[in-house]
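> Here you go, one structure.
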Amino acid sequence: MGLKSLPPESLPREKLLKQGSSALTDAELLAIFLRTGIKGTNVIQLSDSLIKRFGSLRALFSSSAEDFCQHKGLGVAKYVQLQAVLEMSKRYLSEQIERGDALQSAEHTKHYLTSMLRDRQREAFYVLFLDNQHRVIADEVMFEGTINAASVYPREVVKRALAHNAAAVILAHNHPSGIAEPSQADRRITRRLSDALGLVDIRVLDHFVVGEGEVVSFAERGWI
């Protein structure tokens, strides 16, 4: 079925303009990105089949260039465009937390950390460095490890915090297993970091653990 045979209100672009982007399905959003279908398949059908083939919209977005480009209807140009869109999304979220108080923008912070950490295949330890108004000065991945662990060195975190003249930090790391529940090792390293940073009057405000569909906050658990 061609798109011309569909009622106008069913077309993704018109639906977005009338109802907003949140009203669209994953396939409809992807259809707007792809713009055109292939012979015998309209763009909505193509989008739906691609999502089913990859397993989810997220899996499609995080696929390698080789895997992405081997599917009919996709190619290098689409892959490059997609990576640009994903990077713009990350930068948008980064600006959202940089413009204001990271603690007052907790949901933005969680979304940003999820975008930065969730799809990593190895565990990564991330630090947000904050000024005395809890605004973000800088953020960086400080340590990377294996599929289930990353060695974290408090001395290095203290050095970077002092270099940024930070008054506080927010810690984060991912669990590639997808399970966000913090381990005893996570709690121990958080205490060690809090103690080490406390010696130079830098507070640890929170530690987020990013899983598949959940982000656990140490502060919300009462652990900080």
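Mapping to full-length UniProt numbering: the sequence shown position 90 is 90, numbers consecutive.
The C-beta atom is built at its ideal place from N, Cα and C for all residues, glycine as well.
Since we're looking at a predicted model, the values are computed, not measured.
1) When the Cα atoms are used, what is the spatial distance from Glu156 to Ala149?
2) When you compare only the Cα positions, how much space is there between Ala23 and Ala196?
3) Report buried or exposed for Ser64, applying the criterion of at least 16 other Cβ atoms within 10 angstroms of its Cβ.
4) Is the CB-CB distance between Ile189 and Leu128 below 8 Å?
5) Going by DSSP, what residue range makes up the alpha helix (DSSP H) through Ala27?
6) Looking at C-alpha atoms only, which residue of Thr36, Leu17 and His173 is the closest neighbour of Asp119?
7) Would you report the Cα separation of Gly145 and Ser47, rounded to the nearest angstrom?
8) What did DSSP end up calling Ala23 once you bin it into helix, strand or coil?
9) Starting from Ile137, trace the beta strand (DSSP E) both ways and give me its first and last residue.
10) Pull up the CB-CB distance for His71 and Leu93, whole angstroms please, since I reckon it's below 8 Å.
11) Quick one: what does DSSP say His175 is sitting in, helix, strand or coil?
12) Measuring straight from C-alpha to C-alpha, what distance separates Ala163 and Tyr153?
13) Considering only C-alpha positions, which residue in the set Gln19, Leu11 and Asp67 is nearest to Val43?
14) Take Phe68 and list the residues in its own chain whose beta-carbon comes closer than 6 Å to its own, dropping the five residues that flank it on each side.
15) Could you tell me which of Pro176, Gly40, Arg191 and Val215 sits nearest to Ala124, measuring between CA atoms?
Here's the rundown:
1) 17 Å
2) Roughly 47 Å separates the two Cα atoms.
3) So Ser64 counts as exposed.
4) no
5) Asp26 to Leu34
6) In terms of Cα proximity to Asp119, the closest of Thr36, Leu17 and His173 is His173.
7) 35 Å
8) In this structure, Ala23 counts as helix in the three-state DSSP scheme.
9) Unbroken beta strand (DSSP E) run through Ile137: Val136 to Glu144.
10) Not confirmed; about 28 Å, so no contact.
11) coil
12) 16 Å
13) Leu11
14) Leu74 and Tyr79
15) Pro176
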